[in-house]
Amino acid sequence: MLPPRSRSTLPSPPDEATPPGGGRPAGSAPPASPGELGFAQIVGAVRTRPLAPKATRKKVLAEAVPTPAPPETPAAALERAAAMVRGGQMEAGIALCLQTWPIVSAADDVVQMGICQHMLAIGYQYSGNLKEALTAGHLGIELFTRAADPMRLLRLIAAHAITVAQLGQAAEALELLNRAIQLLPLVGDEPWHQCVFWNNAGAVHQALGQTDQALDAWERCMELNRRHDDPNLAAVTRANLLAYRLVTVRKRQADRVAIQAVYDEHRALLDELVEGGRHHLVLNGAAEAADAMIDMGELDEARAVLKLGVKSAKIAGLGPSRASLELHLARVERLSNQHRLAAAHVAEALKLVQESQDQELLARVHLENSLLQEAQQHWRAALDFFKRHAETREALLAAQADTRAQALAARVDVERSRVDAELARLRNAELQRQVEHMAEVAGELKRQALEDPLTGLANRRQFELHLAQWQAERGVDTPLVLMMGDIDHFKQINDRFSHATGDEVLRDIARLLREHLRPHDAIARWGGEEFVVAFGGGLPMDQAMNVAERLRAMIEQHAWGRVAAGLSVTMSLGLASMGHDETIESALWRADSALYESKKNGRNQVRLAL
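Start counting at 1 in the sequence shown, then tack on 186, and there's your number in the numbering used here.
This is the structure we're talking about:
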């Protein structure tokens, strides 16, 4: 989701500004408020002036009484709440939205009601209250759908997908993201809305652990941001991008020099965010930076960057984030054998967790306490804390399941009401025609849900359905080979030639795969520049390797100059044979590992998973 904008250095409102000369004289009483200005004071104010003609005395009397400020409209209050939330003042923004909700709800102002729930969803999500964020997001989507407001609906759906992804509901998060993608053409070429969407899409992919898709989304956002130059959005996107680049180089086990280079750039950004007052953007980045330093054995640097994050969390008033950073600090001190300091950080984290009632963090507190006791060879205490950790995790999973069930029940009720209303409307002379039309629409939606809109290939969902069916039906001795391919240097193609050229390359690759693979092979666009193939009919591995090599050569020799002058395209491929009892996720992971071996060893080649 689009994280909130800077909170701690907002300029003072005009009525709070200090007047020229330094304000009222020292020792003087503060001016009376309008309610404290009595009749005697009014008369005194009048008598201190030269005697005015009768006709002007009423005017003088009126000038002596301060005019009360006009009451704030609900729309203005929500606009102020939005500025608070985007500025990092979560508690104040949430409180103002909750105050305004009864007013807009009583007026049945659907748009303002939707805006109110949108801001609540963002505020709750950033504060770590995902259950409340989930409820607000569902309600806001329903309201913007009723209001037929596609712009706001697009932004809320993409933001809500982050909450759903953070709750571990991958399928629903991707479904929401696909729904948002279908709304994206409605914003046209307007870069700000597109930039917000791709930033949120990056956060969804990050929460789901989809590294390449997350980086691609944030790089798109950075490119779009150059067209409208929003410094707040640029800071958000850059913070996300650099933090996740650091995660990526660690995940792919890059060498120390590469990790240090990304860390240095990221560390400089954290200092820049603190200096600019964007403290709420520091928290996640500080944790990722510290983890990188811990991996490299630089515990002093890890400690320093975590203390920077804790200070920012205090300023931003984000207790759960601060608790998480305190646990990171406890880990650093434990690794440094500073057990007393580690215990102090764990105690501080526990205090913050008890205030926020965050069960996920409570489980982490118990786990860190267990590790700390183990480091001191207090085995009984270590076991006790580990049991608490396990019990808390179990209760958390049960609560998440309950929340999910409640959310689904609410969606079912909404859908049932909608269907009932639609059936009532269709009870007329055109009933049959409209029912047939709805069936056609449903079929088209089903096709869109299972098809990649750019290439026309199957999408990830349809491919996994095919694969699950084949796995269930194939015999014990029937081989099933998976192949994953990734276009080499695809970002450079986009940067050098344009995203339109990149899209044309993706379409040509899809066409080549369709034309040169068998009808019963399953082909899908996996995401970004990645494609995946499952060879049907029990194709042996040696034959699959031959097919993969032919495809690799064919792609390299394709007439890419017809797409763009000077363009050349190659693809790296990885293959894995799926064991009969192996899970789909495991086989795909092994094929993906073989693909990365191809990348590491020079690209434009085929590798087989061991």
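Virtual Cβ for every residue (Gly too), placed ideally from N, Cα, C. Since the structure is predicted, the reported quantities are computational estimates derived from the model, not experimental observations.
Whole-number beta carbon distance between residue j and residue i, since they are thought to touch under 8 Å
i: N645; j: R711; result: 6 Å
i: F676; j: E715; result: 4 Å
i: L316; j: L353; result: 6 Å
i: A696; j: G747; result: With a Cβ gap of about 19 Å, A696 and G747 do not count as contacting.
i: A730; j: M669; result: 7 Å
i: R738; j: M757; result: 6 Å
i: R436; j: I445; result: 6 Å
i: A535; j: V551; result: 5 Å
i: L547; j: S510; result: 6 Å
i: V448; j: L494; result: In fact, because the Cβ distance is near 17 Å, the residues do not count as touching under 8 Å.
i: L640; j: D689; result: 6 Å
i: Q657; j: L666; result: 7 Å
i: N790; j: D674; result: 6 Å
i: L282; j: A263; result: 6 Å
i: V296; j: R332; result: 5 Å
i: N385; j: W404; result: 7 Å
Enclosing alpha helix (DSSP H) for residue i [first to last residue]
i: A293; result: Taken as a continuous stretch (DSSP letters only), A293 belongs to no alpha helix (DSSP H), as it is neither H nor E.
i: V691; result: H685 to H702
i: W775; result: I770 to K786
i: R341; result: P336 to Q352
i: P260; result: P260 to R272
i: E376; result: First-last for E376: undefined, no H or E at that position.
i: H127; result: With the chain covering 187 to 796 only, the question about residue 127 has no answer from this structure.
i: V460; result: R442 to E461
i: V733; result: M727 to Q743
i: H324; result: L316 to R332
i: N364; result: A356 to L369
Residue(s) in a DSSP beta bridge with residue i
i: M757; result: I673
i: E716; result: D672 and G713
i: R793; result: G760
i: A644; result: E637 and A710
i: F649; result: According to DSSP, which records beta bridges pairwise, F649 is partnered with nothing at all.
i: F721; result: V667
9 Å Cβ cutoff met for residue i and residue j
i: V691; j: L753; result: yes
i: A473; j: H452; result: no
i: A345; j: I301; result: no
i: V390; j: I327; result: no
i: S542; j: G724; result: no
i: P506; j: D544; result: yes
i: D416; j: C381; result: yes
i: G503; j: Q275; result: yes
i: G760; j: A720; result: no
i: C407; j: G388; result: yes
i: L469; j: V422; result: no
i: L557; j: A568; result: yes
i: V532; j: E512; result: yes
i: A499; j: R464; result: no
i: V350; j: G374; result: no
i: M305; j: V271; result: yes
i: L329; j: F383; result: no
i: A400; j: N411; result: no
i: R517; j: I480; result: yes
i: V600; j: H766; result: no
i: D681; j: F717; result: no
i: P260; j: A293; result: yes
i: I343; j: A366; result: yes
is_contact[residue i, chain B] using C-beta, thresh 9 Å
i: L781; result: In summary, chain B is missing from the structure at hand, where a single protein chain is found.
Next on the checklist: Runs of 4 residues minimum, wholly inside the segment 379-424: which ones carry the alpha helix (DSSP H) assignment?
Outcome noted: 397-414
Item to check | Start-end ranges of the beta strand (DSSP E) lying completely within the segment 466-531, minimum 3 residues | outcome: none
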